[in-house]
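Sequences listed follow chains C and F, in order.
Reading the first sequence from the start, the letters are residues 1 to 339 in this note's numbering.
Reading the second sequence from the start, the letters are residues 1001 to 1339 in this note's numbering.
Let me begin by presenting the structure, written as structure tokens, before commenting on it.
Protein chains: 2
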Amino acid sequence: MGKITIFDVAKEAGVSKSTVSRVLNEKGNVNEKTRRKILKVMEKLNYHPNSSARSLVTKKTHTIGLVVPNIIDPFFLQFIKGAEDVGIKNEYNMMLVSSNWQVKDEWRYLRLLEEDRVDGILLISGRNISDSYIEFLESEKTPIVIIDRVLEKNIIPTVNVDNVNGAYITTNYLLENGHRKIAFVMGPNNMQAALNRYEGYKNALYDYNIKLSDELIYHGNFTKESGYQATQKIINDWDDVTAIFYSNDGMALGGLKVFKEKGIIVPDDISIVGCDNIRELSLIDLPLTTLSQPRYKMGYTGMELLIKIIENNDNIYPEKIVFNMEFINGQSVKNISAR
Amino acid sequence: MGKITIFDVAKEAGVSKSTVSRVLNEKGNVNEKTRRKILKVMEKLNYHPNSSARSLVTKKTHTIGLVVPNIIDPFFLQFIKGAEDVGIKNEYNMMLVSSNWQVKDEWRYLRLLEEDRVDGILLISGRNISDSYIEFLESEKTPIVIIDRVLEKNIIPTVNVDNVNGAYITTNYLLENGHRKIAFVMGPNNMQAALNRYEGYKNALYDYNIKLSDELIYHGNFTKESGYQATQKIINDWDDVTAIFYSNDGMALGGLKVFKEKGIIVPDDISIVGCDNIRELSLIDLPLTTLSQPRYKMGYTGMELLIKIIENNDNIYPEKIVFNMEFINGQSVKNISAR
DNA sequence: CAGTGAAATGGGAACGCTCCCAAGATGAGG
DNA sequence: CCTCATCTTGGGAGCGTTCCCATTTCACTG
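Pasting the structure below:
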């Protein structure tokens, strides 16, 4: 079915292809009358410009590559949604690539760029990207924005969340509610976010003049199972811990399981706070007090930034955007201040 | 930074662009020695063919449009993952479009086709696509596969699940476990899947010689809230209903909330089954007996089919693939047969 | 009514590739 | 040593646009 081209439109409208192109791109002067006529012909013939031909000469695809560590994890959906909404608004398409947390898959999204399939890349949750790859991207001057990875040495624009501050606020909230012996369940040591949350916890204690006790620090790896185990240890080790700070919600869920099994009531017997505000928690009866990353907003902002970079490629100064975590006041903390 | 083109490679290797093209596409005869040389030069110059230029002449983009009703809903992730895995294997990229359940957004994915950005479209969960649009796609002879929507009149290939059979098996399971008075919570009337599940329920009762009672049929709209309300009604209306069949898991969750509030123990006081096997349920302590759509497999198969259609465009006969639902035996049904 | 500048239009080159066709190289067979 | 088939290579056209430049049209002004 011979596709309609710009020539067909030109012929039908009795003008040259150049004029059609002009109305298509709203560039240059076109007599209003002919403009209307051409528009009418386009509609009549159901003409749509071929994007490949366009890209070939303009060097723009109006497509961005969206890289996600793992498409299966609902955690990333809000980021994607935020990015998508901006994309739609600016008429950008999104090419989806999941990196599977694998360094070896980095070539897959790199190739999108090399083959000029995309104008830039939005790397969501860049925690899994190797340093050498980031340096490579930097040297390539690729339009790219990385979400959820702090890059201090690199000039690449990033969108992040202030984990230190978030954990500080949360810990402080526990302190204000009279808690003094607060166990802390850490995440993986190699994860910046996990370390930062620990730092916030530490700072809050310090500012409250409470001595940090290493014995109250437990280790997990962000899974429900590891939260389960850590919680069992905590309960075994102490009978005067009044609150537990889980550095993500997954581990808090593991904790809840322990409490259920042992008949421990939250928050009457123990107060807990989590971190991340994962969707699954909304299904649980107890509203958890937790911190939320503004994921939608981060995706949204990241995409906006990326498009900005793509569209005025000159005089860019790299931006490092940092959002605050949002404190979500649930019902898993009890005020135990003596009155 | 002047991008490397096929000419640069040709020049450096001392051959013509045609020869380079030949080794690029592994088409036609090329002397093994020159082939190696060209390959080496490509690597040296880090040459990658421009996809727009290629598409312009071949009319193939090696990209497929993946349409999902709502990217925010984790329900669709398994479909996407299945499709993606096939895409990667066959070197297809995926353009992501969410339809937002809105008919008015149909133009957004249509345009991907019209602008020749994609070679075909995989419409996941086509429940939300208007009939007129489907007819349009059919008439356009667009390479398309629709997942999760039964199309009897149309010639478009689909991948579906046998809801009738699934509901039959589940209902039968309840019957085998001694339940006779089984309430049924329906989904929206305009949804094929919901109606089919009702049909399966009906058939099972019929084959078991149990008279269908309209009074045991309750209506919901697949939300947790509607399940909550329906369950309250059921409990109000009857004291001898021993089992409830929720036609999706979301409504079953609503039911669980009622039971918790009223101190009703599942499965001791009442047996329940759901349908869909949504991820959130894994976080709940009670393993629900439910039906699972093989979502990963459906996405996988749909994508395979689509690529097959795209790649040998001739003599296609439309396929209608139907998977069985998988029965997931949880712990929410009690055997109450008199012994 | 000639002259002028702006508005409107057309034509051609270029984008980077594939593909067809023609031509040169090679080698076997007589 | 010539012939012919096969392998190998090069050149040119064409894919559907955009964009630059040249040309035509037009409305005014003096």
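Idealized CB from N, CA, C, for every residue including glycine.
A quick note: this is a predicted structure, and the numbers were derived from the prediction, not measured.
Quick check: the Cα distance between residue i and residue j, rounded to an integer number of angstroms?
{"i": "C/MET191", "j": "C/MET94", "result": "28 Å"}
{"i": "C/GLN102", "j": "C/ARG111", "result": "15 Å"}
{"i": "F/TYR1218", "j": "C/VAL20", "result": "59 Å"}
{"i": "F/GLU1138", "j": "F/PRO1318", "result": "11 Å"}
{"i": "C/PRO143", "j": "C/VAL67", "result": "14 Å"}
{"i": "C/ARG149", "j": "F/ILE1080", "result": "25 Å"}
{"i": "C/LEU56", "j": "F/PHE1076", "result": "34 Å"}
{"i": "C/PHE323", "j": "C/ASN236", "result": "37 Å"}
{"i": "F/LEU1096", "j": "F/GLY1065", "result": "6 Å"}
{"i": "C/VAL9", "j": "C/ALA53", "result": "16 Å"}
{"i": "F/GLN1232", "j": "F/LYS1262", "result": "10 Å"}
{"i": "C/ASP85", "j": "C/ILE307", "result": "13 Å"}
{"i": "C/GLU358", "j": "C/HIS62", "result": "Summary: the structure shown does not reach residue 358 of chain C, with chain C confined to residues 1 through 339, and so no result is reported for it."}
{"i": "C/GLY274", "j": "C/TRP238", "result": "20 Å"}
{"i": "F/THR1301", "j": "C/PRO188", "result": "37 Å"}
{"i": "F/LEU1123", "j": "C/PRO294", "result": "30 Å"}
{"i": "C/PHE327", "j": "C/PRO157", "result": "26 Å"}
{"i": "F/ILE1146", "j": "C/LYS3", "result": "25 Å"}
{"i": "C/THR170", "j": "C/ASN160", "result": "18 Å"}
{"i": "C/ILE129", "j": "F/ASP1207", "result": "58 Å"}
{"i": "F/PRO1074", "j": "C/PRO74", "result": "6 Å"}
{"i": "C/ARG180", "j": "C/THR242", "result": "7 Å"}
{"i": "F/ASP1214", "j": "F/PHE1184", "result": "9 Å"}
Name the DSSP beta bridge partners of residue i, please?
{"i": "C/HIS219", "result": "C/MET186"}
{"i": "C/SER292", "result": "C/ASP276 and C/GLU326"}
{"i": "F/ILE1147", "result": "F/ILE1124 and F/VAL1159"}
{"i": "F/MET1094", "result": "C/LEU96 and F/ILE1064"}
{"i": "C/ILE244", "result": "C/ALA183 and C/ILE272"}
{"i": "F/ILE1321", "result": "F/VAL1159"}
If I measure Cβ to Cβ from residue i and keep anything under 6 Å in the same chain, skipping five residues before and after, which residues do I get?
{"i": "C/ASN172", "result": "ALA204"}
{"i": "C/TYR133", "result": "GLU106"}
{"i": "F/ILE1278", "result": "ASP1249"}
{"i": "C/VAL333", "result": "ASN177, PRO267, SER271 and THR289"}
{"i": "F/ILE1310", "result": "ASP1119, GLY1120 and PRO1143"}
Taking its Cβ as the centre, do 16 or more other Cβ atoms sit within 10 Å of residue i, making it buried, or is it exposed?
{"i": "C/ASP269", "result": "exposed"}
{"i": "C/THR58", "result": "exposed"}
{"i": "F/ASP1119", "result": "buried"}
{"i": "F/PRO1287", "result": "exposed"}
{"i": "C/GLU114", "result": "buried"}
{"i": "C/PHE7", "result": "exposed"}
{"i": "C/SER125", "result": "buried"}
{"i": "C/ALA343", "result": "This structure cannot settle anything about residue 343 of chain C, because the visible part of chain C is limited to 1 through 339."}
{"i": "C/SER226", "result": "buried"}
{"i": "C/LYS224", "result": "buried"}
{"i": "C/ASN196", "result": "buried"}
{"i": "C/ASP131", "result": "exposed"}
{"i": "C/GLY28", "result": "exposed"}
{"i": "C/GLN78", "result": "buried"}
{"i": "C/SER362", "result": "One cannot answer for residue 362 of chain C here, as it falls past the ends of chain C, which runs 1 to 339."}
{"i": "F/SER1337", "result": "exposed"}
{"i": "F/ASP1240", "result": "exposed"}
{"i": "C/LEU212", "result": "exposed"}
{"i": "C/SER99", "result": "buried"}
{"i": "F/ASN1366", "result": "This structure leaves residue 1366 of chain F out entirely; chain F is present only between 1001 and 1339."}
Identify, in the order they occur along the chain, each residue of the same chain with its Cβ nearer than 8 Å to the Cβ of residue i, setting aside the five sequence neighbours on each side.
{"i": "F/ASN1335", "result": "ASN1177 and GLY1178"}
{"i": "F/GLU1152", "result": "none"}
{"i": "C/VAL258", "result": "TYR228, THR231, GLN232, ILE235 and ILE264"}
{"i": "C/GLU135", "result": "ASN154"}
{"i": "F/MET1001", "result": "Residue placement at F/MET1001 cannot be trusted, given a pLDDT of 47 that sits under 50; what the coordinates show is reported in the next sentence. Here the set comprises nothing."}
{"i": "C/ARG35", "result": "VAL23"}
Return yes when at least one heavy atom of the ligand ATP lies under 6 Å from the C-beta of residue i, else no.
{"i": "C/ILE6", "result": "The model on display carries no ligand, and the ligand ATP is accordingly not part of it."}
Apart from the five residues on each side of it in sequence, which residues of its chain come closer than 7 Å, Cβ to Cβ, to residue i?
{"i": "C/ASN329", "result": "THR289"}
{"i": "F/LYS1037", "result": "ALA1013"}
{"i": "F/GLY1200", "result": "ASN1163, VAL1164, ASN1165, GLY1166, ALA1167, TYR1168 and THR1171"}
Which residues, in chain order, does the segment 80 to 91 of chain C contribute to contact with chain F at a C-beta distance below 8 Å? Listed by position, the residues of the segment 80 to 91 of chain C near chain F (Cβ gap below 8 Å) are ILE80, LYS81, GLU84 and ILE88.
Determine which residues of the segment 98 to 126 of chain C have a Cβ less than 8 Å from any Cβ of chain F, and write them out in chain order. Correct list: SER98, ARG108, ARG111, LEU112, GLU114, GLU115, ASP116 and ARG117.
Quick one: which residues of the segment 1024 to 1056 of chain F get their C-beta closer than 7 Å to a C-beta of chain C? List them in chain order. Listed in sequence order: HIS1048, PRO1049, ASN1050, SER1051, SER1052, ALA1053, SER1055 and LEU1056.
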